[in-house]
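Data first, discussion second: the structure below is written as structure tokens.
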Amino acid sequence: MTIQQAPYGAWKSPITSDLIVSQSISLGEGMFDGDDIYWLEGRPAEAGRYVIVKRTPDGTTIEVNPAPFNARTRVHEYGGGAVVANHGSVIFSHFSDQRLYRVAPGQAPEAITPEAPLRYADCVVDPAHNRLICVREDHGEAALAEHGEAVNTIAAIALDGSGDQKVLVSGNDFYATPRLSPDGHTLAWLTWRHPNMPWDGTELWIAEMQSDGTLANPALVAGGEHESIFQPAWSPDGTLYFVSDRTGWWNLYRLEQDGVEPLVPMEAEFGVPQWVFGLSTYAFESAGRIICKYTKDGMDHLASLDTRSKAFRPLQTPYTSLGNIQAAPGKVLFRGASPTHPASLVLLDLTTGAHIVLKRATAIEIDPGYLAMPQAIEFPTTGGLTAYGIFYPPHNKDYVAPVGEKPPLLVLSHGGPTGATSSAFSLSIQYWTSRGFAVLDVNYGGSTGYGRAYRERLNGQWGVVDVDDCVNGARYLAAQGLVDPARLAIRGGSAGGYTTLCALTFHDVFHAGASHYGIGDLEALATDTHKFESRYLDRLIGPYPERRDLYVARSPIHHVANLKCPVIFFQGLDDKVVPPAQAEMMVAALRAKGIPVAYLPFEGEQHGFRRAENIKRALDAELYFYGRIFGFELADPVEPVEIENLLPTDETD
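Last residue of the sequence shown: number 674 in the working numbering, and the count goes up by one each step with no gaps.
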């Protein structure tokens with residue numbers, strides 16, 4: 022095909038929104054159950070329904086929960102840990118009513134919990150007492166009246182059909198990861214309290230399981246207000262392992278009779294922030310061998326650890342982003358991705374090194390000629406510090422830009438804000454780069470993967486450090502001559518949406534932005550959000566209302582007079598994390614000020630979009646918006662977006 026010349030942004034790409042949503046899924050937790058393997062698929066084409074898939078040893082796959090059953094829990098609102106498999110039966114939380122259902126082989130789902138304002142997550146089976154042990158969240162009127170918020174406990178759920186429930190551990194604000202020792206005699210769990218988040222400070226407790234199913238002699242064995250414990254797990258020989266950041270890095274430890282023993286001291290991260298339940302960065306292949314993933318310099322690696330000699334050996338895979346590590350004798354199951362491999366569920370034979378891709382997040386095969394390769398960059402930021410990011414130059418084998426033209430830059434501000442971006446293959450990023458955009462995915466101060474000190478840069482500085490890093494990343498690329506300094510845009514979702522709105526309000530570097538369910542009013546977030554994050558801002562901003570001055574000073578809604586560039590907003594109308602009123606307040610302010618603004622609300626969507634038609638609409642609408650603002654013609658027609666206050670003079674010539 023002849024190479025054509027066209028302005029950046031106007032290139033025709035085979036990576037369309039239809040292609041992305043029609044053939045893409047999200048891959049959730051995987052697990053072994055004997056010789057069978059299970060995993061979760063989030064399917065945009067089925068209104069975001071989460072489907073449990075079972076794979077038998079002969080390669081046959083079966084859908085466990087038929088429509089309309091949706092395997093998703095709302096504990097902490099973000100969920101995770103919604104499924105447990107046990108000897109061929111599967112128990113899951115159904116999204117619409119939050120009841121637990123059991124599916125026996127060849128049977129329809131049967132409810133095992135009553136209709137009640139209760140939610141369940143992170144279940145494990147207690148075979149000696151024929152029950153589940155799980156995290157339970159009570160949203161009933163009595164709980165709310167007494168405590169002013171939902172009540173979290175660790176509870177036991179009978180599996181005999183009686184519906185009997187018994188609270189085992191209570192009295193603290195949050196619980197996670199109840200895990201029963203192989204002999205059934207000891208329960209371990211994590212707990213923390215306001216205002217901590219689980220990556221700030223958690224406690225690891227154990228207690229003896231009595232014959233009547235109650236717990237005795239609870240003991241704190243690790244953790245505290247300033248130490249984050251992650252993923253306690255029992256080895257097959259009954260030793261308790263866990264991840265702690267007591268040295269400033271999330272490393273592996275185990276509990277011995279004479280105290281806590283470090284296993285692989287490294288300036289690397291073996292843990293991740295617990296935004297959801299069911300996360301796993303290591304697993305036991307046997308009592309003598311752990312398979313683990315660790316992050317160093319922004320890249321994930323897989324390794325084998327001998328629990329006796331502590332010999333640590335990297336395992337070679339083609340993947341640079343890893344998660345959900347599960348193991349069984351001689352094999353490991355994980356989710357892997359790389360710059361050229363989409364997220365995939367992978368089964369690795371530990372003897373031969375051969376791996377099988379069981380499921381890919383997308384069946385799409387993209388010609389490498391349309392793919393931009395990520396480049397890890399470091400750049401100077403405020404205070405003489407260094408920040409990190411991944412840069413994607415525009416790339417499309419069919420096009421070149423006019424001589425002298427530089428591409429528009431789209432800065433991505435990830436959510437979390439303790440999350441992290443990676444070099445994993447992303448169709449949504451390639452959607453932009455194959456049309457002629459440069460993309461900078463920023464791991465701003467506060468991001469995970471660079472140690473606790475880097476993560477704590479954001480403490481008391483949210484809306485400052487993250488914003489400065491995004492601004493300085495854009496300036497750095499412009500100074501390098503890699504992007505057009507007059508066409509800089511920033512986008513983000515959730516906390517990334519807040520960073521986006523702050524960057525647009527308090528700095529004059531960007532010329533357009535897109536907020537996906539972003540935060541405009543910190544006070545509203547502090548007073549109108551769910552329990553899990555209700556005190557999150559104490560650490561990121563300051564205690565409220567004592568430091569209301571900071572909340573006002575850093576809320577874009579109070580400083581809209583400073584905002585001089587166009588913004589498009591995308592918002593789920595059922596969002597409990599960031600209520601729609603926040604987007605609507607910002608839209609109204611921009612409308613009154615006469616600044617170009619667009620607003621796309623989506624019925625039935627919560628925090629993040631799961632329905633194919635809405636994912637498609639949001640992606641195309643954002644491209645349309647930038648085309649109008651930056652003055653380039655789209656290569657393909659998309660459904661127009663109403664942009665208020667848009668005049669011909671607003672568009673770049």
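Just so you know, even glycine gets a beta-carbon here, dropped at the ideal spot from N, CA and C. From a predicted model like this one, the values you see are computed outputs, not experimental measurements.
Next item on the list: Determine the DSSP secondary structure at residue 583, reduced to helix, strand or coil.
Entry: Residue state, collapsed to three classes: helix.
Margin query: Which residues does DSSP list as the beta-bridge partners of residue 155?
Written below: Residue 155 is bridged by DSSP to 176.
Margin query: Can you give me the C-alpha to C-alpha distance between residue 301 and residue 252, rounded to a whole angstrom?
Written below: In this structure, the CA atom of residue 301 is about 7 Å from the CA atom of residue 252.
Check: So residue 471 packs on residue 409, CB below 8 Å; how close in whole Å?
Finding: About 7 Å separates the two Cβ atoms, so the contact holds.
Notebook entry, point to check: Just to confirm, are residue 514 and residue 606 a CB contact at a threshold of 8 Å?
Noted result: The answer is no: Cβ separation not under 8 Å.
Margin query: If I follow the unbroken beta strand (DSSP E) through residue 619, where does it start and stop?
Written below: Residue 619 -> beta strand (DSSP E) spans 618–623.
Next item on the list: Can you grab the Cα-Cα spacing for the pair residue 235 / residue 173, in whole Å?
Entry: Between residue 235 and residue 173, the C-alpha separation is close to 18 Å.
Notebook entry, point to check: Given 8 Å as the limit, is there contact between the region 649–662 and the region 31–39, that is, 3 or more CB pairs closer than that?
Noted result: By the criterion of at least three beta-carbon pairs nearer than 8 Å, the region 649–662 is in contact with the region 31–39.
Note to self: Is the separation between the beta-carbon of residue 505 and that of residue 566 shorter than 8 Å?
What the structure shows: Going by beta carbons, residue 505 and residue 566 fall outside the 8 Å limit.
Item checked: Host alpha helix (DSSP H) of residue 601 (start-end) -> Taken as a continuous stretch (DSSP letters only), the alpha helix (DSSP H) holding residue 601 covers 601–614.
Check: Per DSSP, which one or two residues make a beta bridge with residue 263?
Finding: Partner(s): 274.
Next item on the list: Might you give, ordered along the chain, the residues of its own chain that have their beta carbon closer than 6 Å to the beta carbon of residue 354, omitting 5 neighbours on each side?
Entry: Listed in chain order, the non-local C-beta contacts of residue 354 below 6 Å within the same chain comprise 51, 347 and 368, local neighbours out to five positions each way being set aside.
Checklist line | Selected residue, minimal CA-CA separation from residue 247, among 237, 214 and 263 | finding: The option with the nearest alpha carbon to residue 247 is 214.
Item checked: Where the beta strand (DSSP E) through residue 48 begins and ends -> Per DSSP, the continuous beta strand (DSSP E) segment holding residue 48 begins and ends at 47–54.
Notebook entry, point to check: Is the Cβ-Cβ distance between residue 468 and residue 495 less than 8 Å?
Noted result: It is not a contact, given that the beta carbons lie outside the stated cut-off.
Check: Rounded to a whole number of angstroms, what is the C-alpha to C-alpha distance between residue 690 and residue 423?
Finding: The chain is shown from 22 up to 674; residue 690 falls before or after that span and cannot be answered.
Next item on the list: Over the uninterrupted alpha helix (DSSP H) stretch that includes residue 168, give me the two end residues.
Entry: Looking at the DSSP string, the run of the alpha helix (DSSP H) that includes residue 168 is 162–168.
Notebook entry, point to check: If you draw a straight line from the C-alpha of residue 551 to the C-alpha of residue 69, how long is it?
Noted result: Cα to Cα, residue 551 sits roughly 22 Å from residue 69.
Item checked: Local Cβ density within 10 Å of residue 329, reported as buried at 16 or more and exposed below that -> Burial call: exposed.
Next item on the list: Under 7 Å Cβ to Cβ from residue 371, same chain only, skipping five residues before and after it: list those, please.
Entry: If we look at residue 371 and ignore the five residues flanking it on each side, its Cβ neighbours are 306, 351, 352 and 353.
Next item on the list: Could you name the residues of the same chain whose beta carbon sits closer than 6 Å to that of residue 673, not counting the 5 residues immediately before and after it, in chain order?
Entry: Reliability fails at residue 673, whose pLDDT of 44 lies under 50, so the model's placement of it is uncertain and no value is given.
Next item on the list: Going by DSSP, name the residue or residues bridged to residue 44.
Entry: Note: residue 44 sits in no beta bridge, so no partner.
Next item on the list: Give a yes or no on whether 8 Å exceeds the smallest Cβ distance from residue 133 to chain D.
Entry: Among the chains in the structure shown there is no chain D, since it carries only a single protein chain.
Item checked: Spatially closest choice to residue 297 from 642, 94 and 420, by CA coordinates -> The candidate whose alpha carbon is nearest that of residue 297 is 94.
Check: Could you give the C-beta distance for residue 84 and residue 96, rounded to a whole number, given that I count them as a contact under 8 Å?
Finding: Beta-carbon to beta-carbon, residue 84 and residue 96 are separated by about 24 Å, too far to satisfy the 8 Å threshold.
Checklist line | Cutoff 7 Å; reference residue 181; Cβ partners in own chain excluding five residues on either side | finding: Closer than 7 Å at Cβ, skipping near neighbours: 151.
Checklist line | Collapsed DSSP secondary structure at residue 673 in the structure displayed | finding: Only weak support is given to the placement of residue 673: the predicted model assigns it a pLDDT of 44, under 50, and the question is left unresolved by the model.
Item checked: Distance CB(residue 729)-CB(residue 449) smaller than 8 Å -> Outside the shown range of the chain (22 to 674) lies residue 729, about which nothing can therefore be said.
Checklist line | With 16 other Cβ atoms within 10 Å as the buried cut-off, status of residue 597 | finding: Residue burial is scored here from C-beta neighbours: residue 597 has fewer than 16 other C-beta atoms within 10 angstroms and is therefore classed as exposed.
Margin query: Let's see if you can read the secondary structure: which residues bound the beta strand (DSSP E) around residue 503?
Written below: Segment: none, residue 503 is in no beta strand (DSSP E) and carries neither H nor E.
Checklist line | For residue 331, the first and last residue of its enclosing beta strand (DSSP E) | finding: That residue, residue 331, is in no beta strand (DSSP E); it is neither H nor E in DSSP.
Check: So what's residue 300 in DSSP terms, helix, strand or just coil?
Finding: Reduced to three states, the DSSP call for residue 300 is coil.
Note to self: Whole angstroms are fine: how far does the CA of residue 78 sit from the CA of residue 101?
What the structure shows: Distance between the alpha carbons of residue 101 and residue 78 is about 26 Å.
Checklist line | Where residue 655 falls: helix, strand or coil (DSSP) | finding: In the three-state reduction of the DSSP assignment, residue 655 falls in the coil class, being assigned neither a helical nor a strand state.
Next item on the list: Output the boundary residues of the alpha helix (DSSP H) element that contains residue 450.
Entry: Residues 448–454.
Item checked: Between the CA atoms of residue 160 and residue 139 - distance to the nearest angstrom -> Taking the straight line from one Cα to the other gives about 6 Å.
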